[in-house]
Amino acid sequence: MSYFLNIDKVNPEQIAAIDDQENQISYGELIDFSDQLGDIIKSRSIVFHFSENSVVSLSFYIACMNMKAVPLLLSPQTDVVLIQSLLEKYQPNYIIAPERICQNFQGEVLKESGDYKLIQQHDSVHQLYEELSLLLPTSGSTGSPKLVRHSYDNLESSAQSIAEFFELDPSHKAFTFLPMYYTMGLSAIHSHLIAGATLVLIKSAMTDAAFWKTLKESEPTSLSGVPYSFEILKKLRLFRMKMPFLKFINEGGGKLSSELYDECVSFAKANDAKFIPTYGQTEGTARMAFLEPSMVELKKGSIGKAIPNGELSIIDEEGIESFEGEAEGEMIYRGPNVTLGYANHLEDLNLPDERGGILCTGDLVKRDADGYYFITGRKSRFLKLYGIRIALDEVEQIIRSTFDTECACGGNDEKMLVLITEKDLEKQVSELIIQKTGLFHQAFSVEYVEQIPRNEAGKVVFHGRV
């Protein structure tokens, strides 16, 4: 039997993961757990895994991957209405969830481990594409049943490339506080496991004492976060800490402010570590570009160049594609980590690869003479706010289905603007957006207008507002 991420090739006594609840598991124990679950979970079954950053949650996930079951990773905080929609659409064979939310699911409990339960659901055999390995939501918890379909090669090639440019080996220890159901958090998990390194899994909030206790005591070699993570960590005085054990800090999920970027560079220097910005999308299995540490000051604001085994190009307004030299247009990515496509219902899980290793990113960029890429805008109707990907069309649909008001959403990756045409609903709409998307109130504003401003073609005009 071949094990996911080659974990059977690692010294079985090497620690695979510890968490902030004082649990730990070795690579050998991780394999044993998988083998035990193999007698319960059927191969090629669909599993809804409400995942957390804990040893037991990780163990269930790795076991699913080893058994060739196909997990959909979800947040335990996912809206109950969305959960019901997903259950109806995808008819999972099993649920893996922390005990505190298990009352939402009927079925026989097949296994308990720590605070997690494995619950039987549908016993039907689903027709799944043979290379389908993993499902992730496209835009968090905004109410969309649309999923990204990953292959086994997507996950393993991505993990190998990331391990290569981060120069990971068994001596590394990743402080992993981004959730594992978030593509960048899962990417950190995969890349460290394929290198035989150790994960420090953090479920605690950044303001909790356990977060800081584990940070100091575990002596991690790396920290990975999104812009919002580093904003909070700055306020909590991370950048004043001495961390001589640190080898690199990694940022992704959006663009840092100029000031915060400089602080990350300075913090890395002060601790004799590297600062490595990265760029990616769920559709590209998390990472597609990185800026090498030696260029972070000279090419400030750049997403860098393609990861190992990947390739970037630009298609300009005339439809001409170029791979080098100065250019502007939509960025295209090619690589084995480009996912299979989307799923909107159960039958889509049997679809083959629809992308052929080519991803139109929807990001508008410019490339300088040295081949470095800089994002200048976004072509599609998505924003990336504080590391959370938000589909504007879906937010509009949520508002319209709840309130009797016209609405329009726009903005940039710093703030979303929501226009509504019904007075005195601003507070209620704000609360709904927070509940359904998990965004912080600082990430958006709701504004009343008498009517939605549109141009002659009927397109909403946000000029002067964002």
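Everything in the sequence shown is counted per my numbering, starting at 13 for the first residue and increasing by one.
Glycine is no exception: its CB is placed at the ideal position from the N, C-alpha and C atoms.
Note that the structure is a prediction, hence the values are computed from the model and not measured.
* Can you tell me whether DSSP reads Ala280 as helix, strand or coil? -> helix
* Asked: By DSSP, does Asp328 sit in helix, in strand, or in coil?
  -> Shown here, Asp328 sits in coil according to DSSP, grouped into three states, outside any helix or strand.
* Asked: How about Thr294 and Leu167: do their beta carbons lie closer than 8 Å?
  -> no
* So what's Ser153 in DSSP terms, helix, strand or just coil? -> Confidence is the limiting factor: at Ser153 the pLDDT is only 44, short of 50, which leaves the residue's position unreliable, though a coordinate-based value still follows. Here Ser153 sits in coil by DSSP.
* Nearest to Lys427 by alpha carbon, out of Gly399, Tyr460, Glu406 and Arg346? -> When only C-alpha atoms are compared, the closest one is Gly399.
* Which of the three DSSP states, helix, strand or coil, is assigned to Arg56? -> coil
* Asked: Can you tell which of Cys276, Asp380, Pro320 and Glu120 has the C-alpha that lies nearest to the C-alpha of Gly337?
  -> Asp380
* Between Pro256, Asp220 and Met343, which lies nearest to Ile244 when the distance is taken from Cα to Cα? -> Asp220
* Asked: Are Val486 and Thr433 touching if we call contact CB-CB under 8 Å?
  -> Residue 486 is absent from the structure shown; the chain starts at 13 and stops at 478.
* **Beta-carbon proximity list for Tyr39, same chain, < 6 Å, skipping 5 on both sides** => Ile19, Val22, Pro24, Gln26 and Ala28
* Entirely enclosed alpha helix (DSSP H) segments - the stretch 240-308, minimum 4 residues -> 270-282
* Leu429 by DSSP, collapsed to three states: which one? -> strand
* To do: Return helix, strand or coil for Phe62, following the three-state DSSP convention.
  => Strand, per DSSP.
* Asked: Looking only at C-alpha atoms, which of Asp365, Arg249 and Tyr15 sits nearest to Leu272?
  -> Arg249
* Neighbourhood of Leu227 by C-beta distance below 7 Å, restricted to the same chain and skipping five residues each side -> Phe187
* Asked: Which residues mark the beginning and the end of the alpha helix (DSSP H) in which Gly197 is found?
  -> Per DSSP, Gly197 belongs to the alpha helix (DSSP H) from Thr195 to Ile206.
* To do: Identify the continuous alpha helix (DSSP H) that holds Gln409 and give its terminal residues.
  => Leu404 to Thr414
* Asked: Do you know offhand how far His357's Cα is from Phe45's?
  -> 31 Å
* Alpha carbon of Gly313 to alpha carbon of Gly292, nearest angstrom -> Rounded to whole angstroms, Gly313 to Gly292 spans 15 Å at the Cα level.
* Asked: Taking buried to mean at least 16 other C-beta atoms within 10 Å of its own C-beta, is Asn78 buried or exposed?
  -> Here Asn78 is buried. Its C-beta has 16 or more other C-beta atoms within 10 Å.
* **Reference Leu376; option with closest CA among Ser69, Val93, Leu395 and Lys54** => Checking every option, the nearest Cα to that of Leu376 belongs to Leu395.
* Val82 vs Ile58 beta-carbon contact at 8 Å -> yes
* In angstroms with no decimal places, state the Cα-to-Cα distance between Glu368 and Leu352. => Correcting the residue type first, residue 368 is Gly in the shown sequence and not Glu. Roughly 8 Å between the two C-alpha positions.
* In terms of DSSP beta bridges, what is Leu397 paired with? -> Ile400
* Lys448, DSSP secondary structure in three states -> helix
* Hey, how far is the Cα of Glu124 from the Cα of Ser145? -> Computed Cα separation, rounded: 24 Å.
* **Closest Cα partner of Ala282 within the set Ser269, Met300, Phe260 and Ser270** => Phe260
* Could you check what DSSP says for Asn23 in three-state terms: helix, strand or coil? => coil
* **Enclosing alpha helix (DSSP H) for Ile174 [first to last residue]** => Unbroken alpha helix (DSSP H) run through Ile174: Tyr164 to Phe177.
* How should Ile332 be labelled, buried or exposed, when 16 other C-beta atoms within 10 angstroms of its C-beta is the threshold for buried? -> exposed
* Between the CA atoms of Arg390 and Leu371 - distance to the nearest angstrom -> 15 Å
* Could you please give the first and the last residue of the uninterrupted beta strand (DSSP E) stretch that includes Gly77? => Note that residue 77 is Met in the sequence shown here, rather than Gly. It is not in any beta strand (DSSP E) - Met77 instead sits in the alpha helix (DSSP H) that spans Val67 to Asn78.
* Nearest candidate by alpha-carbon position, reference Phe456, set Asp382, Glu443 and Gln463 -> Glu443
* Do you know offhand how far Lys439's Cα is from Thr414's? -> Near 14 Å, if we compare the C-alpha coordinates of Thr414 and Lys439.
* Leu94 and His61 look like a contact to me (Cβ under 8 Å); what is the Cβ gap, rounded to whole Å? -> That pair is no contact at about 15 Å.
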